[in-house]
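Working notes for the structure below.
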């Protein structure tokens with residue numbers, strides 16, 4: 007069974023996790039009774055695992071995916087980037103994934119480490135990576151690619167970004183996993199635009215649960231340049247932690263109360279956004295689990311995602 011088999015039949019439901027940096031974190035995620043085993047109870051169609059920033063922490067990435075494959079409860083999908091990698095290195099690493107039973111990947115250029123001006127490797131764009139994987143491995147991998155409804159921040163225009171997405175399709179990509187987007191009007195425009203451009207790949211929408219002020223602002227602005235709609239800004243403003251949510255020891259007298267209020271409003275916002283996405287006729291919801299269970303389980307249940315299967 008591949009993700010494409012599922013997407014051909016119905017909307018998919020999946021999670022993203024990340025490889026923890028510490029042994030304690032790995033135990034919480036992969037240990038007996040850990041987050042992964044709890045996520046399995048929600049019957050996701052697949053679970054993807056990221057790299058660390060700049061393509062680091064690859065060993066932990068493989069360890070997490072080994073756990074998913076061994077447990078046999080769902081499909082494991084690895085993120086894979088061009089960062090600091092030669093063609094031979096890419097071939098060796100991808101063969102290792104195949105040898106471990108991992109035959110689904112999200113092909114990415116990858117976020118450049120601080121101070122870098124290029125990938126530092128033989129391949130420079132995800133379009134090249136998709137083409138290379140197809141040339142070297144044929145149809146052994148199911149390949150997802152990133153889609154940016156607001157346009158990739160490093161791309162010269164939205165139109166150029168859509169053209170590159172079409173090139174990924176032409177080079178052999180199977181389906182799209184979207185980057186974070188809270189601007190629903192922009193998403194609808196983008197969805198119409200990619201279809202008009204001849205991009206037929208299924209669209210699996212990436213959703214980051216809104217649970218924490220600092221994390222929400224950081225995710226929007228540090229890498230992605232995402233528009234934050236007025237309704238989301240109001241949730242942040244009404245629960246603003248003084249002097250700002252990035253300070254470790256804020257002087258605000260109601261820190262815990264504001265955190266709880268923000269989280270409750272953010273969860274409701276996330277559920278409503280999932281409703282809006284599903285009304286667009288998208289092909290799946292890919293929920294960033296943030297290596298947690300309770301919050302994403304609640305969101306998935308209230309949004310009706312558990313009824314997709």
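Residue numbers (our numbering): 7 to 315.
Think of the CB as a built atom: it goes at the ideal place given N, C-alpha and C, for glycine as much as any other residue.
Just so we're clear, the structure is a prediction, and the values are computed from it rather than from any experiment.
Residue i vs residue j beta-carbon contact at 7 Å
{"i": "residue 175", "j": "residue 205", "result": "yes"}
{"i": "residue 113", "j": "residue 136", "result": "yes"}
{"i": "residue 275", "j": "residue 216", "result": "yes"}
{"i": "residue 256", "j": "residue 247", "result": "yes"}
{"i": "residue 190", "j": "residue 294", "result": "no"}
{"i": "residue 24", "j": "residue 45", "result": "no"}
{"i": "residue 85", "j": "residue 56", "result": "yes"}
{"i": "residue 106", "j": "residue 72", "result": "yes"}
{"i": "residue 289", "j": "residue 13", "result": "yes"}
{"i": "residue 292", "j": "residue 178", "result": "no"}
{"i": "residue 40", "j": "residue 88", "result": "no"}
{"i": "residue 309", "j": "residue 280", "result": "yes"}
{"i": "residue 134", "j": "residue 97", "result": "no"}
{"i": "residue 264", "j": "residue 245", "result": "yes"}
{"i": "residue 168", "j": "residue 203", "result": "yes"}
Residue burial classification, residue i (beta-carbon count within 10 angstroms, cutoff 16)
{"i": "residue 268", "result": "buried"}
{"i": "residue 327", "result": "With the chain covering only 7 through 315, there is no way to say anything about residue 327."}
{"i": "residue 278", "result": "exposed"}
{"i": "residue 9", "result": "buried"}
{"i": "residue 7", "result": "exposed"}
{"i": "residue 297", "result": "buried"}
{"i": "residue 138", "result": "buried"}
{"i": "residue 252", "result": "exposed"}
{"i": "residue 94", "result": "exposed"}
{"i": "residue 30", "result": "exposed"}
{"i": "residue 92", "result": "exposed"}
{"i": "residue 163", "result": "exposed"}
{"i": "residue 299", "result": "buried"}
{"i": "residue 239", "result": "exposed"}
{"i": "residue 11", "result": "exposed"}
{"i": "residue 222", "result": "buried"}
{"i": "residue 180", "result": "buried"}
{"i": "residue 307", "result": "exposed"}
{"i": "residue 78", "result": "exposed"}
{"i": "residue 28", "result": "exposed"}
{"i": "residue 311", "result": "buried"}
{"i": "residue 227", "result": "exposed"}
{"i": "residue 198", "result": "exposed"}
{"i": "residue 144", "result": "exposed"}
{"i": "residue 260", "result": "exposed"}
{"i": "residue 37", "result": "exposed"}
{"i": "residue 313", "result": "exposed"}
{"i": "residue 50", "result": "buried"}
{"i": "residue 61", "result": "Note that residue 61 scores a pLDDT of 48, beneath 50, so its modelled location is shaky; the value from the coordinates is reported in the next line. Per the 10 Å Cβ criterion, buried."}
CB-CB length for residue i against residue j, believed under 8 Å
{"i": "residue 52", "j": "residue 83", "result": "5 Å"}
{"i": "residue 171", "j": "residue 200", "result": "6 Å"}
{"i": "residue 74", "j": "residue 42", "result": "7 Å"}
{"i": "residue 35", "j": "residue 70", "result": "7 Å"}
{"i": "residue 26", "j": "residue 76", "result": "Contact flag wrong, Cβ pair sits at about 18 Å."}
**Item:** Sequence ranges, alpha helix (DSSP H) only - wholly within the segment 77–165, length at least 4
**Value:** Fully enclosed alpha helix (DSSP H) runs of 4 or longer: 93–105, 132–143.
**Asked** Taking contact to mean at least 3 C-beta pairs separated by less than 8 Å, is the segment 187–195 in contact with the segment 293–304?
**Response** Touching, no, given that fewer than three Cβ pairs across the two stretches are closer than 8 Å.
**Asked** Is there contact here, the segment 14–34 with the segment 278–289, by at least three beta-carbon pairs under 8 Å?
**Response** Yes, they touch.
**Request:** Examine the Cβ distances between the segment 154–165 and the segment 223–231 and report whether three or more of them are shorter than 8 Å.
**Result:** Segments in contact, yes.
**Asked** Residue ranges of each beta strand (DSSP E) run of no fewer than 3 residues wholly in the segment 186–272, ordered along the chain?
**Response** DSSP runs (the beta strand (DSSP E)) wholly in the segment 186–272: 209–213.
**Message:** I'd like the ranges of any alpha helix (DSSP H) spanning at least 4 consecutive residues and lying wholly in the segment 268–300.
**Reply:** For the segment 268–300, not a single whole alpha helix (DSSP H) run of length 4 or above is found.
**Item:** Those runs of the beta strand (DSSP E) which lie wholly inside the segment 13–77 and span at least 3 residues
**Value:** Every beta strand (DSSP E) of 3 residues or more that sits fully in the segment 13–77 is shown, in chain order, as 18–23, 52–55.
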